[in-house]
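First up is the structure itself, then whatever we jot down about it.
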Ligand code: PGA
Ligand code: ZN
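Numbering (the working numbering), first residue to last: 44 to 462.
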C-alpha cells in the first residue's frame, strides 16, 4: 500500500485518476476475489474485497468471477472501470457515487466497486500525506478511537461443518482497557481453548475466520468451557446468531429444533443471563422487526448490546432506531468507502454504537482496522488470532494503537459496550 506521497494535506484538491487496474487474487479460503490498483499521478493505492461464506440477502452483491485470477485490466469490468474513471478528478465521494452507478447500470459487482474505492482512498490519503485512518476520519467527520476486540473462539452455523443450527460465532471480548493487553488476553484464552480442543496430533481444527470448530461438542459444552477458560481473565462473551441463516417458515432452527420467534428470544435471553453475554449480533432475521423491537429492551436489561449485521447490511438507508444498540459495518456489504462511512454517520446520528467486521474469506487488506479506528468504533471483529489473514488485522491494530497513543488522540478503549 503506497503511503509515500507527501503533497498537500487532508483538504488537498482531488487528483485526476491516471489508471485503474483490476486483478483476481485469492481470499483466505483460496477462492478468487478482486484487488484494484488506482493511480493518482505517480501514487498507487491498492484495495481488495473479502468474500463471505454467509452473505446477507440485503447486502450489495459481488459478481461471481469463478477462476478469474491474475490481470483483469482487459476484462469487460476492468476495461469499463478504466474507460469510465481514468482522467476523472472525482474526489472520493464523487468516485463512489460513480462506482455505485456502474454497479447499478452494468452490474460490475460490489467486489469491484469496493476494491477500486479502497484503492482510491489509499492513494488519496497518500497524496494528502495522511495515514489512512486519519484521512477516513477527515471524510467521516469523526474522532478516531480504539475499539474493543471481538475474538472468535468457536465457529458454528454456516461457518461450522455441521448443519447451520447453532451460533455462527461465540466470541470472547477482552476488557482490560488497553488494546495490547486485550490482545494478550485473547491469545491466552484462545491458546487454552485450543489445548482443550486439540486432537491426538496436538492440532485443533479451525474455521475460515479462525474460530475453533467444536466437532461433536454441543453449545452447552462450548459455553461451559468458555466460562471456565476465561474465569481468570477479564473477558466477556459475545455471540453472532446470524439468524437469517437459521430462519425457517415459522421461526428458527436452533440446536436441532424449530423455535417460534418469541420462544427463540426467550432461549437467547436465558443464555445471555446464564453466561453474562454482553454482545448479541443478529438475533433474528432482518424481516422479523417485531422480534427485534421486543428483544431490545429485554436484552439491555439483561446486560447485552444488540447488534445489527444482516439487519442493516451497512446501508445508511436501513439504519433506524428501536431495533438494535449498534450497527455492524462491513465495507463489502456497502460496496464503497463513502457508503460505509454514511452508514457509520447514520448510526452515530441516532446515538447507536459501531462494530467493524471482517468477512469469513479475508485478504491481507487491513483497511477495516483503519476504518474502525477512524470512526471510533466500539468494537472490531477480526476473527481468532490464528492464520495470516486474521493476524494481519491484529498487527495493524497494534500499529494503529502506537500511532494513536503517540498522537495523544483518544486512545482509551471504550468501556461503553457495557449497557
Ligand atoms: P460472513 O461472516 O463473512 O460469512 O458474512 C462474517 C462475520 O459475521 O463474522
Ligand atoms: Zn454477523
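The C-beta atom is built at its ideal place from N, Cα and C for all residues, glycine as well.
Residue span of the beta strand (DSSP E) that contains residue i, given as start and end
i           : result
residue 278 : 278-283
residue 76  : 75-83
residue 424 : 422-424
residue 62  : 62-69
residue 321 : 320-324
residue 416 : Unbroken run through residue 416 is the alpha helix (DSSP H), 410-417; no beta strand (DSSP E).
residue 256 : Residue 256 -> no beta strand (DSSP E), and no H or E assigned at all.
residue 164 : No beta strand (DSSP E) contains residue 164, which is instead part of the alpha helix (DSSP H) from 153-170.
residue 397 : 396-400
residue 194 : 191-198
residue 369 : 369-372
residue 301 : 300-302
residue 351 : 348-351
residue 90  : 86-91
residue 296 : 295-297
Distance CB(residue i)-CB(residue j) smaller than 7 Å
i           : j           : result
residue 255 : residue 197 : yes
residue 398 : residue 369 : yes
residue 345 : residue 179 : no
residue 86  : residue 70  : no
residue 115 : residue 67  : yes
residue 61  : residue 84  : yes
residue 321 : residue 279 : yes
residue 187 : residue 394 : no
residue 90  : residue 167 : no
residue 92  : residue 403 : no
residue 391 : residue 421 : no
residue 324 : residue 362 : no
residue 160 : residue 126 : no
residue 430 : residue 253 : yes
residue 348 : residue 190 : no
residue 423 : residue 433 : no
residue 257 : residue 219 : no
residue 29  : residue 158 : Given a span of 44 to 462 for the chain in the structure shown, any question on residue 29 remains unanswerable.
residue 214 : residue 193 : yes
residue 312 : residue 341 : yes
residue 290 : residue 352 : no
residue 165 : residue 88  : yes
heavy atom of the ligand PGA below 6 Å from residue i C-beta
i           : result
residue 96  : yes
residue 191 : no
residue 402 : yes
Limits of the unbroken alpha helix (DSSP H) element including residue i
i           : result
residue 214 : Careful: residue 214 lies outside any alpha helix (DSSP H), inside the beta strand (DSSP E) at 212-217.
residue 338 : 332-345
residue 431 : 431-450
residue 134 : 134-149
residue 380 : 380-392
residue 238 : 222-240
residue 263 : 262-272
residue 97  : Careful: residue 97 lies outside any alpha helix (DSSP H) and carries neither H nor E.
residue 177 : 175-183
residue 124 : 119-128
Contact test: residue i Cβ vs the ligand FMN heavy atom, cutoff 6 Å
i           : result
residue 200 : This structure simply doesn't include the ligand FMN; it includes the ligand PGA and the ligand ZN instead.
CB contact below 7 Å: residue i versus chain D
i           : result
residue 108 : Here there is only one protein chain, and chain D is not present.
Requested in this report: Kindly confirm or deny that the stretch 330-337 and the stretch 300-310 touch, where touching means at least three C-beta pairs closer than 8 Å.
Outcome: A contact exists between the stretch 330-337 and the stretch 300-310.
**Report entry** Stretch pair the stretch 380-388 + the stretch 349-366: three plus CB contacts closer than 8 Å
**Finding:** yes
Query raised in the report: When a residue counts only if its C-beta is closer than 6 Å to some heavy atom of the ligand ZN, which residues count, in chain order?
Result: 283, 285, 324, 325, 352
Query raised in the report: Counting pairs of Cβ atoms below 8 Å between the stretch 286-294 and the stretch 217-231, do you hit three or more?
Result: no
Query raised in the report: Is the stretch 116-133 touching the stretch 439-452 in the sense that three or more CB pairs, one from each, lie closer than 8 Å?
Result: no
**Report entry** Touch test, the stretch 138-152 against the stretch 94-109, Cβ-Cβ under 8 Å, three pairs minimum
**Finding:** yes
Query raised in the report: When the Cβ atoms of the stretch 230-247 are set against those of the stretch 263-278, are three or more pairs found closer than 8 Å?
Result: yes
Query raised in the report: With a cut-off of 8 Å, do at least 3 Cβ pairs link the stretch 244-262 to the stretch 170-178?
Result: In this structure the stretch 244-262 does not lie against the stretch 170-178, because fewer than three pairs of beta carbons, one per stretch, are closer than 8 Å.
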